[in-house]
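**Student:** If you count the sequence shown from 1, you need to add 4 to reach my numbering. In this text, a Cβ means the ideal position worked out from N, Cα and C, and glycines have one as well.
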Amino acid sequence: MTAAPIGLPAMSETAVRESPVPDQAVTSDAAAETVPATDADPATDTATDAAAVIVTDTVTDAVAAAEQAVRLSGSDPGRARALARTVLDAGAREEAAAVAHRALALAARELGDLHLAEEHLRRAERIALSAGLPHRAAQARLSLVHVRTELGHPAEALTIAADAEPYLTPVEAGRLGVNRASALVRLGRYDEAVRHCDRAEGVLGEDPAFLAGATLNRGLARVYLGEFAAAEADLTRSAGLAGAAGLHHVLALAEGNLPFLAARRGDLPAAFTAYRRAERILSDYPERLATVRCDLAEALVSAQLPGEARVLLDQAVPELEAAGAETALAEARLMLARVELATGDPRRALRSAEAARAGLIRQERALLVPLATEIALRARLGLGEAADPVAGDRLVAEMLACAAGLDGAGHPSAPLRLVTAELALRLGDERTAEGLLALLASAGPGPAAHHATALRRAAAGDRRGALAAARAGLAAAGADAVRSPDPLERVRAARRSEPLAALGLALALRTGRARTVLAWAERWRAATGGAVGLEGFAGTAGASEGRGPVRTGIADCRDPAGAESVECGDPSPADMPRGVRRAVEAGRGAVPGPEELRAALGGAALVEFVRHGDELAVVAVTPDRVLLRRLGSLAAAAEATVRLRYGLRRRHLLDGDAPGLTAEAAAVERLLLGPLLPRLGDRPLVIVPAGPLHILPWPVLPSNADRPVTVAPSVSAWLAAWRAVPPEGGTGGGTAAVAGPGLRCAEAEVRMVAARRPGTELVPAARHAVLAALERAGVAHLAAHGTFSARSPLLSGIDLDDGRLMAYDLLRIRTPPELVVLSACDAGMAHAPADGTPLGLAGAFLSSGTRCVVAGLVPVRDDETLALMTVFHGLLAAGRPPAAALAAAAGRTGTAGFACFGYGDQPVATGREGSATQLDQDPT
Numbered sequence: 005m006t007a008a009p010i011g012l013p014a015m016s017e018t019a020v021r022e023s024p025v026p027d028q029a030v031t032s033d034a035a036a037e038t039v040p041a042t043d044a045d046p047a048t049d050t051a052t053d054a055a056a057v058i059v060t061d062t063v064t065d066a067v068a069a070a071e072q073a074v075r076l077s078g079s080d081p082g083r084a085r086a087l088a089r090t091v092l093d094a095g096a097r098e099e100a101a102a103v104a105h106r107a108l109a110l111a112a113r114e115l116g117d118l119h120l121a122e123e124h125l126r127r128a129e130r131i132a133l134s135a136g137l138p139h140r141a142a143q144a145r146l147s148l149v150h151v152r153t154e155l156g157h158p159a160e161a162l163t164i165a166a167d168a169e170p171y172l173t174p175v176e177a178g179r180l181g182v183n184r185a186s187a188l189v190r191l192g193r194y195d196e197a198v199r200h201c202d203r204a205e206g207v208l209g210e211d212p213a214f215l216a217g218a219t220l221n222r223g224l225a226r227v228y229l230g231e232f233a234a235a236e237a238d239l240t241r242s243a244g245l246a247g248a249a250g251l252h253h254v255l256a257l258a259e260g261n262l263p264f265l266a267a268r269r270g271d272l273p274a275a276f277t278a279y280r281r282a283e284r285i286l287s288d289y290p291e292r293l294a295t296v297r298c299d300l301a302e303a304l305v306s307a308q309l310p311g312e313a314r315v316l317l318d319q320a321v322p323e324l325e326a327a328g329a330e331t332a333l334a335e336a337r338l339m340l341a342r343v344e345l346a347t348g349d350p351r352r353a354l355r356s357a358e359a360a361r362a363g364l365i366r367q368e369r370a371l372l373v374p375l376a377t378e379i380a381l382r383a384r385l386g387l388g389e390a391a392d393p394v395a396g397d398r399l400v401a402e403m404l405a406c407a408a409g410l411d412g413a414g415h416p417s418a419p420l421r422l423v424t425a426e427l428a429l430r431l432g433d434e435r436t437a438e439g440l441l442a443l444l445a446s447a448g449p450g451p452a453a454h455h456a457t458a459l460r461r462a463a464a465g466d467r468r469g470a471l472a473a474a475r476a477g478l479a480a481a482g483a484d485a486v487r488s489p490d491p492l493e494r495v496r497a498a499r500r501s502e503p504l505a506a507l508g509l510a511l512a513l514r515t516g517r518a519r520t521v522l523a524w525a526e527r528w529r530a531a532t533g534g535a536v537g538l539e540g541f542a543g544t545a546g547a548s549e550g551r552g553p554v555r556t557g558i559a560d561c562r563d564p565a566g567a568e569s570v571e572c573g574d575p576s577p578a579d580m581p582r583g584v585r586r587a588v589e590a591g592r593g594a595v596p597g598p599e600e601l602r603a604a605l606g607g608a609a610l611v612e613f614v615r616h617g618d619e620l621a622v623v624a625v626t627p628d629r630v631l632l633r634r635l636g637s638l639a640a641a642a643e644a645t646v647r648l649r650y651g652l653r654r655r656h657l658l659d660g661d662a663p664g665l666t667a668e669a670a671a672v673e674r675l676l677l678g679p680l681l682p683r684l685g686d687r688p689l690v691i692v693p694a695g696p697l698h699i700l701p702w703p704v705l706p707s708n709a710d711r712p713v714t715v716a717p718s719v720s721a722w723l724a725a726w727r728a729v730p731p732e733g734g735t736g737g738g739t740a741a742v743a744g745p746g747l748r749c750a751e752a753e754v755r756m757v758a759a760r761r762p763g764t765e766l767v768p769a770a771r772h773a774v775l776a777a778l779e780r781a782g783v784a785h786l787a788a789h790g791t792f793s794a795r796s797p798l799l800s801g802i803d804l805d806d807g808r809l810m811a812y813d814l815l816r817i818r819t820p821p822e823l824v825v826l827s828a829c830d831a832g833m834a835h836a837p838a839d840g841t842p843l844g845l846a847g848a849f850l851s852s853g854t855r856c857v858v859a860g861l862v863p864v865r866d867d868e869t870l871a872l873m874t875v876f877h878g879l880l881a882a883g884r885p886p887a888a889a890l891a892a893a894a895g896r897t898g899t900a901g902f903a904c905f906g907y908g909d910q911p912v913a914t915g916r917e918g919s920a921t922q923l924d925q926d927p928t
């Protein structure tokens with residue numbers, strides 16, 4: 005679905021926008037009133053405060069005590085609450101009571117109870133008005149502006165601000181401007197928010213507390229405006245002011261917004277790092293931490309990493325619900341519904357979308373309601389509601405109404421109209437389908453118009469013309485990606501081609517032509533988010549500097565199937581993120597052809613698996629032909645893979661003799677490679693998996709015994725690595741070896757590596773040291789426990805002495821090693837949300853520019869790993885390429901479970917003078 009990004013729940017002092025993403029802002033009265041007045045000692049304890057009220061019972065003293073409670077509310081809400089209660093219990097008169105209730109409200113807000121905060125502010129307002137105290141009523145309204153914003157009523161908050169302003173002092177009006185900015189950001193009125201903060205800064209003087217709030221809110225507004233440098237300056241200044249004034253909660257807010265800024269800049273590794281720091285800083289503020297989680301989740305959704313986003317949102321939603329932060333909660337539920345749908349859980353997506361829709365309707369946020377409705381309709385479609393023709397017709401009508409609602413709210417409706425047209429075609433409602441497609445085809449030159457044209461031509465039986473229209477649509481999406489200066493928008497623009505690439509792949513499969521399917525399978529992989537999202541955020545340095553691959557497509561605008569050519573257009577910028585560049589090149593026709601593939605493969609064969617729905621097919625490229633075979637059900641292949649993995653885990657963990665393991669491996673082979681075996685012979689293989697096949701340990705299949713096997717994310721990526729091999733061969737840089745904690749043989753393993761590779765650096769098992777070593781090494785060997793997170797692969801990690809080195813940490817490596825060996829359990833496990841670059845530890849290294857990764861796919865005992873790695877490194881030192889060395893080592897030791905990822909056909913230098921780069925003989 006293509007819709008405006010939904011924002012992240014806000015903290016108690018969060019500024020958010022209506023259409024895109026919300027974030028943490030601070031209210032000026034909270035920030036300002038955390039600084040004690042000059043006549044009050046902030047160190048005075050509550051007992052002394054209470055005694056002051058009891059001993060002096062004059063009206064002036066009671067008001068002064070209540071005002072002291074207001075000032076304490078931000079820095080010490082518990083003490084402020086106790087002091088305000090003492091004032092009220094002493095029978096305070098109207099003015100003191102109004103101020104005390106405001107202090108209770110501000111303390112409740114700091115403690116995350118927005119509903120209680122509103123209740124006390126309403127009481128303060130009523131008491132002040134009944135006593136003829138308009139200034140005190142205006143002060144209560146000043147605070148109410150923020151609370152009503154957070155409770156989901158930013159427009160009403162602006163009305164409250166207008167009512168309060170005439171009765172406030174100039175300084176208080178400046179504070180009100182900061183609170184107004186919070187509501188304006190919620191409503192997407194960022195320029196106005198900046199202006200209000202500018203005016204507030206002019207009247208707030210040099211008071212660091214007031215300025216900390218103003219610069220924080222202005223920084224957030226500038227993030228949304230794309231003014232990243234100015235936003236960073238504001239957030240940095242806010243943090244400095246807050247730290248100097250002892251405003252720890254404002255400091256936490258400023259630092260808590262850094263993940264959001266990094267994500268909006270397109271720096272996903274920095275966003276993860278800042279989030280990890282914010283988790284520690286905000287551990288005592290669950291509502292604010294929930295907002296930070298949502299900030300990062302929004303960026304992950306844009307990066308096509310829905311699994312990682314869902315993990316964060318599953319934590320954030322209950323935290324916001326407990327805090328009563330209704331505005332942020334509705335937005336978080338809306339985003340959660342989107343990621344639940346993207347991760348294949350339509351039932352939960354429907355429930356979350358309906359809850360979000362109900363909340364948005366209660367809050368009168370009409371602009372977001374159609375987005376929730378769209379997700380609910382897509383979830384119902386995914387649950388099979390259209391299988392009944394009557395229900396299907398009803399669903400078409402509801403989708404048409406929702407599309408009109410999206411138009412009215414200013415959101416894109418073309419993606420939903422395309423889905424509706426496809427549903428109408430399935431139901432035989434050609435009149436509705438044709439009306440929708442004609443409308444979309446005439447809408448302009450964008451991807452949606454090409455998609456509609458492709459569907460119309462396919463419906464008319466013109467498959468060749470449909471494929472040409474689909475390819476033209478991919479080119480249009482690529483052009484959109486080139487034009488955008490915003491890294492997130494570049495990713496989204498490239499990603500809009502995903503449905504079109506899926507249509508092209510479906511049409512290609514219908515042709516039955518292997519070359520056409522190969523071309524469209526690569527276009528599909530380029531367009532999907534696994535490649536675009538991850539690599540788009542990883543940066544370009546690893547791709548264009550040092551040792552990383554430099555291209556991911558080929559400069560050929562001719563379809564290998566012989567279809568009509570599409571004009572290439574201007575070349576993409578050299579500094580474009582690799583994932584986006586891959587999508588652009590694929591859209592322009594830059595897909596690998598069999599002739600170049602054969603030249604690169606030599607005597608090897610390539611096998612690329614292709615999925616469409618539950619259909620699984622395979623394309624094989626051998627020296628003499630290109631083959632297409634249909635393999636049947638993807639679900640059946642997934643089940644067979646799970647059974648094989650279970651048997652391997654039992655065997656390696658000595659949990660049993662795993663009877664039937666050989667039969668399970670043979671069954672998987674018959675299902676996936678059986679139709680190809682006569683053509684493959686004993687050639688080395690390059691395998692490009694699809695979907696659940698990314699977790700299959702390919703070397704354990706019977707025909708792969710002693711056969712070099714390399715697992716690649718795509719044909720284009722494998723070719724790019726082949727092209728990037730330097731003419732002189734070998735591997736630059738030294739060798740780094742790391743022994744992680746808890747492995748009996750880890751130290752022996754790294755000593756073995758050092759013995760075979762002179763000059764090996766033994767690196768301490770600390771995150772910073774390991775990352776630094778990875779920047780300078782040509783070969784890296786990490787002997788440590790690994791953990792794979794199936795739902796959120798970028799949260800996979802390797803255990804070190806000072807914590808876990810996460811997959812997302814690896815994305816910031818600028819000059820990664822050419823060869824990485826991860827002798828860790830599950831380190832090679834991967835998940836590809838949509839068959840782009842597989843995500844996980846190995847995938848993160850490959851995305852950063854590493855040429856080859858050797859990693860485990862199932863648990864292996866320590867002593868077996870040491871034996872395997874000893875033989876592997878011996879063969880590597882003798883000049884064997886990694887894939888061949890791993891195959892031979894597995895055969896000699898009987899230890900399966902490791903695989904070679906990326907490009908495994910390039911020998912590596914040992915570090916010895918004159919060491920082999922070609923195989924002369926096996927080591928004795």
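Got a sec: does the ligand FAD put a non-hydrogen atom nearer than 7 Å to the Cβ of P679?
**Tutor:** With respect to the ligand FAD, the structure shown offers nothing to examine, as it has no ligands at all.
**Student:** Kindly indicate which three-state DSSP category T6 falls into: helix, strand or coil?
**Tutor:** If you number the sequence shown from 1, residue 6 lands on position 2. With a pLDDT of only 29 at T6, under the threshold of 50, the placement of this residue in the model should not be trusted; the figure read from the coordinates follows. Three-state result, T6: coil.
**Student:** Three-state secondary structure (DSSP) at C856?
**Tutor:** Numbered from 1 along the sequence shown, position 852 holds the residue referred to as residue 856. Three-state result, C856: strand.
**Student:** Run the CB neighbour count on S720, radius 10 Å, all protein chains shown included, and call it buried at 16 or more, exposed below.
**Tutor:** Here residue 720 is taken as the residue at index 716 of the sequence shown, counted from 1. Counting Cβ neighbours within 10 Å, S720 comes out buried, since at least 16 surround it.
**Student:** Would you decide whether H119 is buried or exposed? Buried here means 16 or more other CB atoms lie within 10 Å of its CB.
**Tutor:** By 1-based counting over the sequence shown, the position of residue 119 is 115. Looking at its Cβ environment, which holds fewer than 16 other Cβ atoms inside 10 Å, H119 is exposed.
**Student:** Is it a yes or a no for the stretch 450-459 touching the stretch 470-482, going by three-plus beta-carbon pairs under 8 Å?
**Tutor:** They touch, by the three-pair rule.
**Student:** With H, G and I counted as helix, E and B as strand and the rest as coil, what does DSSP make of T714?
**Tutor:** One-based indexing of the sequence shown puts residue 714 at position 710. Strand.
**Student:** Within 10 angstroms of the Cβ of P503, are there 16 or more other Cβ atoms? Answer buried if so, exposed if not.
**Tutor:** Mapped onto the sequence shown, residue 503 falls at position 499. So P503 ends up on the buried side.
**Student:** If we require 4 or more residues per run, which alpha helix (DSSP H) segments fall completely within the stretch 415-445?
**Tutor:** Counting only runs of 4 or more, we get 418-430 and 434-445.
**Student:** Give me whichever residues DSSP pairs with F905 in a beta bridge.
**Tutor:** Indexing the sequence shown from 1 puts residue 905 at position 901. In the DSSP output, where bridge partners are listed per residue, F905 has V715 and V857.
**Student:** Our contact map puts P820 next to F849 with C-beta atoms below 8 Å; I'd like the distance itself, whole angstroms only.
**Tutor:** Position 816 of the sequence shown, counting from 1, holds the residue named residue 820. Position 845 of the sequence shown, counting from 1, holds the residue named residue 849. Right, the Cβ-Cβ distance comes to about 6 Å (below 8 Å), so this counts as a contact.
**Student:** Alpha carbon to alpha carbon, how far is G432 from R818? Give it in angstroms, no decimals.
**Tutor:** In the sequence shown, counting from the first residue as 1, residue 818 sits at position 814. In the sequence shown, counting from the first residue as 1, residue 432 sits at position 428. So the two alpha carbons sit approximately 53 Å from each other.
**Student:** Judging by CA-CA distance, which residue of L610, L635, V630 and R222 is the nearest neighbour of E619?
**Tutor:** In the sequence shown, residue 619 corresponds to position 615, counting from 1. Closest option to E619, Cα to Cα, is L635.
**Student:** Measure the beta-carbon distance from A383 to P350 and round it to whole angstroms, keeping in mind my assumption that it falls under 8 Å.
**Tutor:** Locating residue 383 in the sequence shown gives position 379, counting from the first residue. Locating residue 350 in the sequence shown gives position 346, counting from the first residue. Between P350 and A383 the Cβ distance is about 4 Å, and since that is below 8 Å, they are a contact.
**Student:** Considering only the beta carbon of each residue, do A332 and L324 sit closer than 8 Å?
**Tutor:** Translated into positions along the sequence shown, residue 332 becomes position 328. Translated into positions along the sequence shown, residue 324 becomes position 320. Going by C-beta atoms, A332 is nearer than 8 Å to L324.
**Student:** Between A294 and A329, what straight-line distance do the alpha-carbon atoms span, to the nearest angstrom?
**Tutor:** In the sequence shown, residue 294 corresponds to position 290, counting from 1. In the sequence shown, residue 329 corresponds to position 325, counting from 1. Taking the straight line joining both Cα atoms gives about 10 Å.
**Student:** Which runs of the alpha helix (DSSP H) fall wholly inside the stretch 59-141 and span at least 4 residues, in chain order?
**Tutor:** Runs found: 63-76, 81-93, 98-114 and 118-134.
**Student:** So what's T869 in DSSP terms, helix, strand or just coil?
**Tutor:** As a working note, residue 869 is residue 865 in the sequence shown. It is helical.
**Student:** Roughly how many whole angstroms lie between the Cα atoms of W726 and G607?
**Tutor:** For the purposes of this step, residue 726 is taken as residue 722 along the sequence shown, with counting starting at 1. For the purposes of this step, residue 607 is taken as residue 603 along the sequence shown, with counting starting at 1. The alpha-carbon atoms of W726 and G607 are separated by roughly 15 Å.
**Student:** What residues match up with H785 in a beta bridge as DSSP calls it?
**Tutor:** Translated into the one-based positions of the sequence shown, residue 785 becomes position 781. Paired residue(s): A741 and V825.
**Student:** Using the beta-carbon count (16 or more within 10 Å), is V394 buried or exposed?
**Tutor:** Your numbering for residue 394 matches position 390 in the sequence shown. By the 10 Å Cβ count, V394 comes out exposed.
**Student:** Less than 8 Å between the beta carbons of L826 and V864, yes or no?
**Tutor:** Position 822 of the sequence shown, counting from 1, holds the residue named residue 826. Position 860 of the sequence shown, counting from 1, holds the residue named residue 864. No, the pair does not count as a contact, with Cβ atoms beyond the cut-off.
**Student:** Take the Cβ of D1013 as the centre, count every other Cβ of all protein chains shown within 10 Å, and call the residue buried at 16 or more, exposed below.
**Tutor:** The requested residue 1013 does not occur in the structure, where the chain is confined to residues 5 to 928.
**Student:** Which residue comes first and which comes last in the beta strand (DSSP E) that contains V622?
**Tutor:** Within the sequence shown, residue 622 is the residue found at index 618, counting from 1. V622 -> beta strand (DSSP E) spans E619 to V625.
**Student:** Let me know if T173 comes out buried or exposed under the rule of 16 or more other beta-carbons within 10 Å of its beta-carbon.
**Tutor:** For the purposes of this step, residue 173 is identified with residue 169 of the sequence shown, where counting begins at 1. Classification for T173: exposed.
**Student:** For R615, which three-state DSSP category applies?
**Tutor:** Translated into positions along the sequence shown, residue 615 becomes position 611. It is a strand residue.
**Student:** To the nearest angstrom, how far is it from the Cα of F276 to the Cα of A96?
**Tutor:** In the sequence shown, residue 276 corresponds to position 272, counting from 1. In the sequence shown, residue 96 corresponds to position 92, counting from 1. Rounded to the nearest angstrom, the two C-alpha atoms are 50 Å apart.
**Student:** Starting from L286, trace the alpha helix (DSSP H) both ways and give me its first and last residue.
**Tutor:** Taking the first residue of the sequence shown as 1, we reach residue 286 at position 282. Careful: L286 lies outside any alpha helix (DSSP H) and carries neither H nor E.
**Student:** Smallest Cα separation from A4: which of R398, I365 and R500?
**Tutor:** Within the shown structure, residues of the chain are numbered from 5 to 928, placing residue 4 beyond reach of any answer.
**Student:** Within 10 Å of its beta-carbon, does H772 have 16 or more other beta-carbons around it, so buried, or fewer, so exposed?
**Tutor:** Position 768 of the sequence shown, counted from the first residue, corresponds to residue 772. Its Cβ having fewer than 16 others within 10 Å, H772 is exposed.
**Student:** Could you give the distance in angstroms between the alpha-carbon of R297 and the alpha-carbon of A327?
**Tutor:** Taking the sequence shown and counting its residues from 1, one reaches residue 297 at position 293. Taking the sequence shown and counting its residues from 1, one reaches residue 327 at position 323. For R297 and A327, the distance between alpha carbons rounds to 15 Å.
**Student:** Tell me whether the stretch 889-899 and the stretch 868-878 touch, counting them as touching only if at least three CB pairs, one residue from each stretch, are closer than 8 Å.
**Tutor:** Taking 8 Å as the limit for Cβ pairs, the verdict is that the stretch 868-878 does touch the stretch 889-899.
**Student:** Which ranges does the alpha helix (DSSP H) cover as unbroken runs of at least 4 residues, wholly within the stretch 156-192, from first to last along the chain?
**Tutor:** 158-168 and 174-190, all fully within the stretch 156-192.
**Student:** Just curious, the alpha helix (DSSP H) that D411 is in, first and last residue?
**Tutor:** For the purposes of this step, residue 411 is identified with residue 407 of the sequence shown, where counting begins at 1. It spans P393 to A413 - the alpha helix (DSSP H) in which D411 sits, taken as one unbroken run.
**Student:** Starting from the C-beta of D65, find all residues in its chain whose C-beta is less than 6 Å away, skip the five residues before and the five after it, and write them out in chain order.
**Tutor:** By one-based count along the sequence shown, residue 65 stands at place 61. No residues qualify anywhere along the chain.
**Student:** When you compare each of S134, G156 and N221 to Y194 by their alpha carbons, which one comes out closest?
**Tutor:** Here residue 194 corresponds to residue number 190 of the sequence shown, with the count starting at 1. Of the candidates S134, G156 and N221, the one whose C-alpha sits nearest the C-alpha of Y194 is N221.
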